[in-house]
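Heads up: the structure comes next, in structure tokens.
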Amino acid sequence: MLWGVDEIDVVLPCLDEAAALPGVLRAMPAGYRPLVVDNGSRDGSPEIARSLGAEVVHEPRPGYGAAVHTGIERARSEVVCVLDADGSLDPRELPELVAMLARAELAVGRRVPEAGSWPWHARAGNAVLAGLLRRKGLPVRDIAPVRAFRRRDLLDLGVEDRAFGYPLELLLRAAAAGWRVVERDVRYGPRAAGTKSKVSGSVRGTARAVRDMTAVVQRGVDRGSVRR
Numbered sequence: 002m003l004w005g006v007d008e009i010d011v012v013l014p015c016l017d018e019a020a021a022l023p024g025v026l027r028a029m030p031a032g033y034r035p036l037v038v039d040n041g042s043r044d045g046s047p048e049i050a051r052s053l054g055a056e057v058v059h060e061p062r063p064g065y066g067a068a069v070h071t072g073i074e075r076a077r078s079e080v081v082c083v084l085d086a087d088g089s090l091d092p093r094e095l096p097e098l099v100a101m102l103a104r105a106e107l108a109v110g111r112r113v114p115e116a117g118s119w120p121w122h123a124r125a126g127n128a129v130l131a132g133l134l135r136r137k138g139l140p141v142r143d144i145a146p147v148r149a150f151r152r153r154d155l156l157d158l159g160v161e162d163r164a165f166g167y168p169l170e171l172l173l174r175a176a177a178a179g180w181r182v183v184e185r186d187v188r189y190g191p192r193a194a195g196t197k198s199k200v201s202g203s204v205r206g207t208a209r210a211v212r213d214m215t216a217v218v219q220r221g222v223d224r225g226s227v228r229r
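All residue numbers in the sequence shown are consecutive under my numbering, ending with 229.
Structure follows, in structure tokens:
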């Protein structure tokens, strides 16, 4: 058993990650059940995921947040993890994040990049947004693409964004709800060969993500907007 539960669902938002999925799914720790949420792939990602034993859910609405939230809604375990499906993060680090839930409501990975894995423009955008969060009292250094939480608690936060602003709104709502949020260093390597980042792969992609996240900050989140 893992942290008091039999299995833990791992939501993997997926858009054209066929080249990365075999490595990611084969590295999944025992007891961690991959749930691939396909967001309109055209490279055979869903078929590859199924052939390797993963459950596949289709989310036709475009957007990172749409894929992630649909996966959380479809998950069946009490504790859920979210992890990018591009091969840049190691699923074998998930149990350490889950263990941190003994003292927190949300555990997130703070990326420690290998050479060439995190372009300057993406790192700069992330630093600006993390600074905004710290000024709001949330001690984080990364708007991380890997996290662990209790499913019901997260759904009760009422996160509304369905684009790239989803992880930032999640952190803002967690702060408004008084959640304990903890970070742990995780290795951040290059994406699998044959895949391309929708965010950090270009200045334009990073700018789009920062735009979505800035809109979340401008909308604001207060304690009254968190569902109980």
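Positions of the beta carbon are idealized from the N, C-alpha and C atoms, including for glycine.
Alpha helix (DSSP H) segment containing residue i, residue limits
i            : result
proline 23   : 22 to 27
glutamate 97 : 95 to 100
proline 47   : 46 to 52
arginine 75  : 65 to 75
Nonlocal neighbours in the same chain, by C-beta distance under 6 Å from residue i, ignoring five residues either side
i             : result
leucine 171   : Val160
isoleucine 49 : Ala19, Leu22
histidine 59  : Asp39
serine 52     : none
Supposed close pair residue i, residue j - CB separation, criterion 8 Å
i            : j            : result
glycine 110  : valine 147   : 4 Å
proline 35   : alanine 67   : Going by Cβ atoms, the distance from proline 35 to alanine 67 rounds to 19 Å, so no, they are not a contact pair.
aspartate 39 : arginine 188 : 26 Å between Cβ atoms; not a contact.
serine 89    : glycine 190  : 6 Å
leucine 130  : leucine 169  : 6 Å
Same chain only: Cβ atoms within 7 Å of residue i, ignoring 5 sequence neighbours per side
i             : result
glycine 202   : No answer about glycine 202 holds up, because its pLDDT of 48 lies below 50 and its placement is not dependable.
aspartate 154 : Glu106
glycine 64    : Arg163, Ala164
alanine 193   : Ala20, Ala21, Gly24, Asp87, Gly88
aspartate 10  : Arg34, Leu36, Ala76, Arg77, Ser78, Val81
proline 30    : Pro92, Arg93, Leu95, Pro96
arginine 220  : none
Residues near residue i by beta carbon distance below 8 Å, same chain, minus five either side
i              : result
asparagine 127 : Asp143, Ile144
Range of the contiguous beta strand (DSSP E) that encloses residue i
i            : result
proline 92   : No beta strand (DSSP E) contains proline 92, which DSSP labels as neither H nor E.
arginine 192 : From DSSP, arginine 192 is part of no beta strand (DSSP E); its letter is neither H nor E.
aspartate 10 : 9 to 15
Enumerate, from N- to C-terminal direction, the unbroken alpha helix (DSSP H) stretches of 4 or more residues contained entirely within the region 104 to 183. 121 to 136, 152 to 158, 167 to 177
When the Cβ atoms of the region 29 to 49 are set against those of the region 100 to 116, are three or more pairs found closer than 8 Å? no
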